[in-house]
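Participant:
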């Protein structure tokens, strides 16, 4: 089970880490690509934001030259866009040629101050940073050398990031497996205790118990095991007590039979019918005890057959009480039977009922002092009785 649990932990950890690494690689590649397309690799990402905000506020590129050729401090004076950082200041910081074109590729601003009316070629548009307003292309910003300058840089960056992600995944996997081993050991400890205790029960030692901690399902299982072990121990004690009682019950008639038979054998008692009658009575008692043992064994095995028939329960109880009447009278014991006037017929096994009541009354007579009183009560409960 420990192997299955560890494999389950490993599968969960592997799927989780693999999913995280795949998401990280895809997200990183997308973000790096977006960063490169926004001019981040050439330091123009902030300039792109300024230009897009300028177009959004003005609705066109009119006046963008003033933004580019603002005074050296990089601030334009008056008009829309006042207070924004100048285009030229940023271009100066990047120390490179920048060309701004409209959506059709017509160059509007060139920091190298070349001839006007230049149109970007298709290859130059491919190397340009696309400026957008929502989903609409509003122009292009072409850095010197294009955005492919340093094209190996993002690839190297992605390679390093992916390598770092794989390294982190391996480290996380090792840590997770170590934690899984510790967790599996802790989770399986109560089960190991249960296995040891159950083996003890199987070997016959019914005193084994497990320590119950917490209130989860395993704790409930441990408590159920303890309850079962306690029930088995009580059943074993009851069985031992019953065996001792049976031995005692058998010892007395056997001793009487032996004494009487030895007396007849030695000639102390003549071999007459009167002298054999007590031996026969003791034999009948032994037969009844053996039959009781057989009945108990069948009941314990769940194989005791019941012959249920509609019967007057009051008549059955009265018959048993009357049978023990002479024994009670001989000791001055009052044997009383209380019952309601009407008891419905019940589907019962009258023979088993007589046997059970006979054993109960025999025990009652045995432990009731002389001149005492025994009351047998039959009560009606709806369509049943007790």
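Numbering (my numbering), first residue to last: 963 to 1348. Ideal placement from N, C-alpha and C gives every residue a C-beta, glycine not left out. Small disclaimer: the values here were computed from a predicted structure and weren't measured.
(1) Going by alpha carbons, who is nearest to residue 1017 out of 1096, 1137, 1290, 1087?
(2) Ordered along the chain, which non-local residues of its own chain (more than five positions away) have a Cβ less than 8 Å from that of residue 1309?
(3) Buried or exposed for residue 1040, please, with buried defined as at least 16 other CB atoms from any protein chain shown within 10 angstroms of its CB.
(4) Three or more C-beta pairs under 8 Å: does that hold for the stretch 1209-1220 against the stretch 1244-1259?
(5) Nearest by alpha-carbon distance to residue 1170: which of 1180, 1189, 1177, 1182 is it?
(6) In chain order, what residues of the same chain lie with their CB nearer than 7 Å to the CB of residue 1168, ignoring the 5 residues before and after it?
(7) Determine which residues share a DSSP beta bridge with residue 1269 and list them.
(8) Determine the DSSP secondary structure at residue 1061, reduced to helix, strand or coil.
(9) Counting only runs of 4+ residues fully inside the stretch 1230-1265, write out the alpha helix (DSSP H) ranges in chain order.
(10) Excluding the 5 residues preceding and the 5 following residue 1165 in the sequence, name in chain order all residues of the same chain whose CB lies nearer than 7 Å to its CB.
(11) Between residue 1286 and residue 1323, which are expected to be in contact by the criterion C-beta below 8 Å, what is the C-beta distance as a whole number of angstroms?
(12) Out of 983, 1011, 1175, point me to the one whose CA is closest to residue 1092's CA.
(13) If we count the other Cβ atoms within 10 Å of its Cβ and call it buried at 16 or more, is residue 1074 buried or exposed?
(14) Measure the Cβ-Cβ separation of residue 1120 and residue 988 and say whether it is below 8 Å.
(15) To the nearest angstrom, how far is it from the Cα of residue 1186 to the Cα of residue 1151?
(16) If you check the beta carbons only, do residue 1060 and residue 1013 fall under 8 Å apart?
(17) In the DSSP assignment, find the unbroken alpha helix (DSSP H) run with residue 1288 in it and report its ends.
(18) Per DSSP, which one or two residues make a beta bridge with residue 1098?
(19) Helix or strand or just coil, what does DSSP make of residue 1321?
(20) At which residues does the beta strand (DSSP E) containing residue 1336 begin and terminate?
(21) Spatial neighbours of residue 967 within its chain, please: C-beta separation below 6 Å, excluding the five flanking residues on both sides.
(22) Quick check on DSSP: helix, strand or coil for residue 1215?
(23) With DSSP as the reference, please indicate the residues paired to residue 1299 in a beta bridge.
(24) Which residue's Cα is closest to the Cα of residue 1259: 1153, 1201, 1130?
(25) Identify, in the order they occur along the chain, each residue of the same chain with its Cβ nearer than 6 Å to the Cβ of residue 1279, setting aside the five sequence neighbours on each side.
(26) Considering only the alpha carbon of each residue, which of 1129, 1332, 1302, 1063 lies closest to residue 979?
(27) So residue 1320 packs on residue 1283, CB below 8 Å; how close in whole Å?
(28) Would you call the CB atoms of residue 1173 and residue 1155 closer than 8 Å?
(29) Between which two residues does the alpha helix (DSSP H) harbouring residue 1087 extend?
Facilitator: According to the structure shown:
(1) For the purposes of this step, residue 1017 is taken as the residue at position 55 of the chain shown. For residue 1017, the nearest C-alpha among the options comes from 1096.
(2) Locating residue 1309 in the chain shown gives position 347, where the first residue counts as 1. The residues are 1270, 1271, 1272, 1273.
(3) For this step, residue 1040 is matched to residue 78 along the chain shown. Here residue 1040 scores only 34 on pLDDT, less than 50, and its place in the model is too uncertain to base an answer on.
(4) yes
(5) As a working mapping, residue 1170 is identified with position 208 in the chain shown. Comparing Cα positions, the closest option is 1189.
(6) Position 206 of the chain shown, counted from the first residue, corresponds to residue 1168. Closer than 7 Å at Cβ, skipping near neighbours: 1191, 1194, 1195, 1198.
(7) Indexing the chain shown from 1 puts residue 1269 at position 307. DSSP lists no partner for residue 1269.
(8) Within the chain shown, numbered from 1, the residue matching residue 1061 stands at position 99. Residue 1061 falls in the strand class under three-state DSSP.
(9) 1235-1262
(10) On the chain shown, residue 1165 is found 203 positions in, with the first residue counted as 1. Excluding residues within five positions, none has a Cβ falling inside 7 Å.
(11) Looking up residue 1286 in the chain shown gives position 324. Looking up residue 1323 in the chain shown gives position 361. Going by Cβ atoms, the distance from residue 1286 to residue 1323 rounds to 5 Å, so yes, they are a contact pair.
(12) As a working note, residue 1092 is residue 130 in the chain shown. It is 1011 whose Cα lies nearest to the Cα of residue 1092.
(13) On the chain shown, residue 1074 is found 112 positions in, with the first residue counted as 1. When all chains shown are included, residue 1074 counts as exposed.
(14) Here residue 1120 is taken as the residue at index 158 of the chain shown, counted from 1. Here residue 988 is taken as the residue at index 26 of the chain shown, counted from 1. Result no, Cβ atoms of residue 1120 and residue 988 do not sit closer than 8 Å.
(15) The count along the chain shown starts at 1 and reaches residue 1186 at position 224. The count along the chain shown starts at 1 and reaches residue 1151 at position 189. Residue 1186 and residue 1151 have their C-alpha atoms roughly 17 Å apart.
(16) Translated into positions along the chain shown, residue 1060 becomes position 98. Translated into positions along the chain shown, residue 1013 becomes position 51. No, they are not a contact pair.
(17) Indexing the chain shown from 1 puts residue 1288 at position 326. It spans 1287-1292 - the alpha helix (DSSP H) in which residue 1288 sits, taken as one unbroken run.
(18) Taking the chain shown and counting its residues from 1, the one referred to as residue 1098 is at position 136. Note: residue 1098 sits in a beta bridge opposite 1095.
(19) Position 359 of the chain shown, counting from 1, holds the residue named residue 1321. Helix.
(20) The residue given as residue 1336 occupies position 374 in the chain shown. In the DSSP assignment, residue 1336 falls within the beta strand (DSSP E) that extends over 1335-1339.
(21) As a first step, residue 967 is located in the chain shown; it is residue number 5 there, counting from the start. If we look at residue 967 and ignore the five residues flanking it on each side, its Cβ neighbours are 1146.
(22) As a working note, residue 1215 is residue 253 in the chain shown. Three-state result, residue 1215: helix.
(23) Sequence index remark: in the chain shown, residue 1299 carries index 337 (1-based). Residue 1299 pairs with 1338.
(24) Translated into the one-based positions of the chain shown, residue 1259 becomes position 297. Nearest of 1153, 1201, 1130 to residue 1259, Cα basis: 1201.
(25) Residue numbering aside, residue 1279 sits at position 317 when the chain shown is read from its first letter. Around residue 1279: 1340.
(26) Here residue 979 refers to the residue found at position 17 when the chain shown is read from its first residue. Selected option, being the one with the closest Cα: 1129.
(27) What you label residue 1320 is simply residue 358 of the chain shown in a count that begins at 1. What you label residue 1283 is simply residue 321 of the chain shown in a count that begins at 1. Contact doesn't hold; Cβ gap of about 10 Å is too wide.
(28) As a position in the chain shown, residue 1173 is number 211, starting the count at 1. As a position in the chain shown, residue 1155 is number 193, starting the count at 1. Going by C-beta atoms, residue 1173 is nearer than 8 Å to residue 1155.
(29) Translated into the one-based positions of the chain shown, residue 1087 becomes position 125. Run containing residue 1087: 1084-1088, per the alpha helix (DSSP H) assignment.
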